[in-house]
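A short worksheet on the structure shown next.
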Amino acid sequence: MRRMEEKIQTEGKVLPGGILKVGNFLNQQIDTGFLGEMAEEIKWHYEDSDVTKILTIESSGIPLAIATGMAMEVPVVFAKKHKTSNVDGNAYSSKVHSFTHNEDYNIIVSCEYLTENDRVLIIDDFLANGNALRGLIELIEQANAHLVGCAVAIEKCFQDGGDRLRADGVRIEALAAVESMTDTEIIFR
Ligand code: 5GP
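Below, the structure is given as structure tokens:
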């Protein structure tokens, strides 16, 4: 998505440790007009896939997931994060290693919000090592629901999460794919 690349070039900041900061339009301050454009792009990719539900993870995936849910007219479920391994009854849960915080946490979704009849589109802001998406996929598997595919705002291709998920047969659409980045230059695939 050309406009996403422009936004990253003009508003993104590269932080140490391979972190791209997009707080100006996606992660803290939200550019609502642009959020709508992102949602339409994701809808375009998946509109023939009979998606019944969108699944994301709190908190940074939620704005894009809701905008896309509104565009596609389907409900949005977000997995909650718990640091302990204690899980409420009647919930699906899986463990995720956080790239940005370098710690493990559990994600949970109440069983009533994900069922075997659902065709699920996963949405998140970033794809790096793929742990967040894999944790969400595990919840879908526990529910015996059908994974339609994933959509992320930004894939960092210099980390191999996307390549490994695609090798496992998972459909992934990224609105921008960053090939490499330094303090002075961001190159897109
Ligand atoms: P993964 O699980 O694929 O390694 O990382 C994806 C998760 O980590 C996303 O949910 C996102 O919140 C966070 N993340 C990974 N890389 C970045 C980054 O460069 N910038 C920001 N803002 N978040 C990131």
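In terms of this note's numbering, the sequence shown opens at residue 1064 and continues consecutively. Virtual Cβ for every residue (Gly too), placed ideally from N, Cα, C.
Counting along the chain, Ala1130 sits inside the alpha helix (DSSP H) bounded by residues Ile1125 to Met1135.
Annotation for Ser1161: Tyr1168 place their beta carbon closer than 7 Å to its own, counting only its chain and skipping 5 residues before and after. The Cβ-Cβ distance between Tyr1155 and Val1137 does not fall below 8 Å. Considering only Gly1225, Asp1188, Val1211 and Arg1197, the residue with the shortest C-alpha distance to Phe1088 is Asp1188.
Checking the 7 Å criterion, the Cβ of Ser1123 is within range of a heavy atom belonging to the ligand 5GP. Following the DSSP letters along the chain, one finds Leu1089 in no beta strand (DSSP E), marked with neither H nor E. In the three-state scheme derived from DSSP, where H, G and I count as helix and E and B as strand, Phe1141 is classed as strand. For Lys1084, the CB falls within less than 7 Å of some heavy atom of the ligand 5GP. Taking C-alpha positions only, Gly1193 is separated from Leu1228 by approximately 7 Å. In the DSSP annotation of this structure, Arg1182 is not part of any alpha helix (DSSP H); the continuous beta strand (DSSP E) holding it starts and ends at Arg1182 to Leu1190. Cys1213 carries a strand assignment under DSSP once its states are collapsed to helix, strand and coil. Taking 8 Å as the cut-off, the beta carbon of Ile1093 is found no closer than this to the beta carbon of Ile1186. With a cut-off of 7 Å, the C-beta of Thr1163 is classified as near the ligand 5GP, since at least one heavy atom of the ligand falls inside that distance. The continuous beta strand (DSSP E) containing Thr1119 extends over residues Lys1116 to Ile1120.
Taken through DSSP and simplified to helix, strand or coil, Asp1167 comes out as strand. No Cβ-Cβ contact shorter than 8 Å links Lys1219 with Leu1184.
Separation of the CB atoms of Gly1212 and Arg1234 is rounded to 3 Å, and the pair is thereby assigned contact status at 8 Å. Secondary structure at Phe1251: strand, using DSSP grouped into helix, strand and coil.
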